Amino acid sequence: MPGISGLALYLPPYRVQLADWCEWNDQPWDKIRNVVGRSFRMRGPEQSVYTLGANAAWRLIQAYDIDPREVGYLALGTESSSDNSAGAVIVKGMLDDALAANDMPAMSRECEVPEFKHACLGGVYAMKAALRYLATDGAGRKAIVVCSDIAEYERGSSGEPTQGAGAVAILLESEPQLLHVDLSRAGSASDYRMVDFRKPFARFRDQSPRTDGQMQDLPVFNGRYSTSCYVDATRHAMNAMLARQPDRNPDYFHAVDAVFMHRPYHRMPAAGWAMAWLFALADGDDAARAELREYCTAADIDPQALFDEIAGAAPDMRRRVREGASGDDAFPLASLLLRHLRRTDVWDRVVAGKLSLGSEMMRDLGNLYTAALPAWLAAGFVQAAEDGLDVIDGDSAGRQSANAVIVDGIRDLLRCSGQHIGFQQCHTLSGRSTVTLFP
72 MPGISGLALY LPPYRVQLAD WCEWNDQPWD KIRNVVGRSF RMRGPEQSVY TLGANAAWRL
132 IQAYDIDPRE VGYLALGTES SSDNSAGAVI VKGMLDDALA ANDMPAMSRE CEVPEFKHAC
192 LGGVYAMKAA LRYLATDGAG RKAIVVCSDI AEYERGSSGE PTQGAGAVAI LLESEPQLLH
252 VDLSRAGSAS DYRMVDFRKP FARFRDQSPR TDGQMQDLPV FNGRYSTSCY VDATRHAMNA
312 MLARQPDRNP DYFHAVDAVF MHRPYHRMPA AGWAMAWLFA LADGDDAARA ELREYCTAAD
372 IDPQALFDEI AGAAPDMRRR VREGASGDDA FPLASLLLRH LRRTDVWDRV VAGKLSLGSE
432 MMRDLGNLYT AALPAWLAAG FVQAAEDGLD VIDGDSAGRQ SANAVIVDGI RDLLRCSGQH
492 IGFQQCHTLS GRSTVTLFP
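For the sequence shown, the numbering used here assigns the number 510 to the last residue and increments by one with no breaks.
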């Protein structure tokens, strides 16, 4: 079964400490720290998704002693590309230049170079395509998936503290060294969300020229609506995945060892995972629904009202937009229940404990869009290596939900892999420097 043999991370060297950002903008540090994180990275004036991605891929090639002639598939997952014709081939060209400068052979002319774009999911789609390539006509070769993005938000917007930039390169093989990925047990979900997170070209029409020659790829977004969409998409992807599992759906949330999800900011994955668990209880058998009633009673919430909100059919998100309700929480009672559960032991068992591996490192990266999920997976491997954790069996889940099983005999390789991933040093920016980089 194909899977992952290695990961390498490249982060731009510039960092904004959110404690400083809160002081500059008169924002509550305690809230930002608990909800968003500690810091985020910013690109430099000469950096793009292509240079970030090429640096990550170059690190991967060096760290895992990859023969570039054996790579038959080089995919780029991004939502920040600046060329509507060429994509991953730009990264390939940069890699060939680096290979030549180091007296190494160029990548094969037979190497396929697709680019995948679908918001933060592009990297996962690229990885799934690479796994399918290795399972069919690419058997015996190697594939590299590069997830590279630059998340920038307008100054003064609610998204400003959730910025980030970076890239993760993933080595995939038919006989993997780290993780087997079982696509036959994966789940997927998609739906057109209208005013969810968007990047229409019309934004560039009247954009003033920057001194560094770059365009600001600032998104159009509705924070509350996007959060509801995240929760709704997680629910559908999890339902699709759980339908392929042999066990009772609510049991999966207790049995799984580690969970890695898309991470736009620190608290979002916990909310998405916890909501998916509540949905599974509401749609479960009598015992599951009785468990949910107990939680409702303890939180002073009408159980039937909660069932009406989350059980069965999901809310029609597009209809909510047409009715002017896009700014409202689509799951208000469930959100209220989550606030209660955060103060209980069950939260630690079902939610916090499942999402803890690598989570502390991620507080300092910010939002990496397509690279957020693989960066968290990399951080999990680093922590497992540093702490000597037993990771012989584990799973992962996300909005594209998939089962991943750790390869036997991984401990020594994990120690080596953790050294290669690259959570490198950085330069902390002042307020003036931040404005210079991001006018």
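Quick reminder that beta carbons are idealized off the backbone N, C-alpha and C, glycines included.
Quick caveat: nothing in here was measured; it's all calculated off a predicted structure.
| query | Hey, ALA329 and LEU428: beta-carbon distance below 8 Å or not? | reply | yes
| query | Which partner residues of SER110 appear in the DSSP bridge assignment? | reply | GLN88
| query | Is GLU181 helix, strand or coil by DSSP? | reply | coil
| Are PRO335 and LEU78 close, meaning C-beta to C-beta below 8 Å? | no
| request: Report the three-state DSSP secondary structure of PHE187 (helix, strand or coil). | output: strand
| query | If GLY74 and LEU243 are in contact, beta carbons under 8 Å, what's the gap, nearest whole angstrom? | reply | 7 Å
| query | Applying the criterion that 16 or more other CB atoms from any shown protein chain within 10 Å of the CB defines a buried residue, is GLY398 buried or exposed? | reply | exposed
| field | N- and C-terminal bounds of the alpha helix (DSSP H) containing HIS325 | value | 320-326
| field | Three-state secondary structure assigned by DSSP to GLY158 | value | coil
| Cβ shell of MET198 (< 6 Å), same chain only, five flanking positions each side left out | VAL216
| query | In the region 274-320, which residue ranges form an unbroken alpha helix (DSSP H) of at least 4 residues, counting only runs that do not cross its ends? | reply | 294-313
| field | Endpoints, alpha helix (DSSP H) assigned at SER430 | value | 430-433
| Nearest neighbour of GLY230, chosen from TYR196, ASP277, PHE292 and GLN278 [CA to CA] | PHE292
| Beta carbon of GLU365, beta carbon of LEU404: below 8 Å? | no
| field | Touch test, the region 295-303 against the region 263-274, Cβ-Cβ under 8 Å, three pairs minimum | value | yes
| task | Take PHE111 as the anchor and find which of MET388, ALA128, ARG281 and GLN88 has the nearest alpha-carbon. | result | GLN88
| message | Bridge partners for CYS218 per DSSP, in chain order? | response | GLY148 and VAL239
| message | Measuring CB atoms only, is the region 425-441 touching the region 178-185, in the sense that at least three cross pairs come out at less than 8 Å? | response | no
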